[in-house]
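Under UniProt numbering, residues 1 to 169 are what the sequence shown spells out, in order. Built from N, CA and C at the ideal position, the CB exists for glycine as well. Report on one structure; see the data block that follows.
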Amino acid sequence: MHDQDLPDPDLPAQDLPDPESRERGVNPVHIVMIEDDEGHARLIERNIRRAGVNNEITAFRDGTAALAYLLGPDGSGRVQAGRSLLILLDLNLPDMTGIDILAKVKGNEHLRRSPVVVLTTTDDQREIQRCYDLGCNVYVTKPVNYEGFANAIRQLGLFFSVMQVPETP
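Here it is, written out as structure tokens:
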């Protein structure tokens, strides 16, 4: 992969996969962000957009609401069938841990293929290993300073712009 293959953050944003993908029957990726810190949530969305990603983002500030959305009223996850989801997950939430959410997502037959990107301040090696053991796809420790965090999210947005996400069964 060469830098020239990545989208230019100064160009207009586009859906993932590319806009013509709808004609080919590929669903655009829907981003589900689970982040309790409103400032971090705004920063994440703004810098994903700056990286050229214009996908729909549904944000949740607690795990209960996020799981209700992901699993649906019957708790089966069938509500997401046929959708391509990318989940951005903070581990430190007010009502439950992100580990609990990760375990439920990866343990659900309809959601387990959805990539989960953990974005958290926790850099404990045991916690990182636990997330990967449960099936997280990417683990990013949030830099403490604003510019470092913004840059990390822009880089992540560039990654999102080229990744492929399967539909949920």
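Query raised in the report: Does DSSP put R154 in a helix, in a strand, or in coil?
Result: Position 154 of the sequence shown, counted from the first residue, corresponds to residue 154. Here R154 sits in helix by DSSP.
Query raised in the report: Are the region 63-77 and the region 86-106 touching, with three or more C-beta to C-beta distances below 8 Å?
Result: yes
Query raised in the report: Secondary structure at L91, three-state DSSP: helix, strand or coil?
Result: The sequence position of residue 91 within the sequence shown is 91, counting from 1. Note: L91 maps to coil in three-state DSSP.
Query raised in the report: What runs of the beta strand (DSSP E), each 3 residues or longer, lie entirely inside the region 44-95?
Result: 57-60 and 84-89
Query raised in the report: If you run the structure through DSSP and keep just helix, strand and coil, what is H30?
Result: Counting from 1 along the sequence shown, the entry for residue 30 is found at position 30. Note: H30 maps to strand in three-state DSSP.
Report task. Can you say whether N151 is buried or exposed, counting buried as having 16 or more other CB atoms within 10 angstroms of its CB? Result -> Here the question's residue 151 lines up with position 151 in the sequence shown. N151 comes out exposed.
Query raised in the report: Helix, strand or coil: which one does DSSP assign to residue 178?
Result: Missing from the structure shown is residue 178; the chain here goes from 1 to 169 and no further.
Query - C-beta contact flag for I128 and I44 at 8 Å - result: As a working note, residue 128 is residue 128 in the sequence shown. As a working note, residue 44 is residue 44 in the sequence shown. No, they are not a contact pair.
Query raised in the report: Rounded to whole angstroms, how far is the Cβ of E167 from the Cβ of G82, which I believe are closer than 8 Å?
Result: Counted from its first residue, the sequence shown places residue 167 at position 167. Counted from its first residue, the sequence shown places residue 82 at position 82. 5 Å between Cβ atoms; contact.
**Report entry** Close-in-space but distant-in-sequence residues of the same chain around L67 (CB under 7 Å, 5 per side omitted)
**Finding:** Locating residue 67 in the sequence shown gives position 67, where the first residue counts as 1. I101 and K104.
Query raised in the report: By DSSP, does L134 sit in helix, in strand, or in coil?
Result: For the purposes of this step, residue 134 is taken as the residue at position 134 of the sequence shown. Reduced to three states, the DSSP call for L134 is helix.
Requested in this report: Could you name the residues of the same chain whose beta carbon sits closer than 6 Å to that of G77, not counting the 5 residues immediately before and after it, in chain order?
Outcome: Your numbering for residue 77 matches position 77 in the sequence shown. Answer for G77: L71, N108, H110 and L111, listed in chain order.
**Report entry** Between the CA atoms of G135 and Y146 - distance to the nearest angstrom
**Finding:** Here residue 146 refers to the residue found at position 146 of the sequence shown. Here residue 135 refers to the residue found at position 135 of the sequence shown. When rounded, the distance between both Cα atoms is 28 Å.
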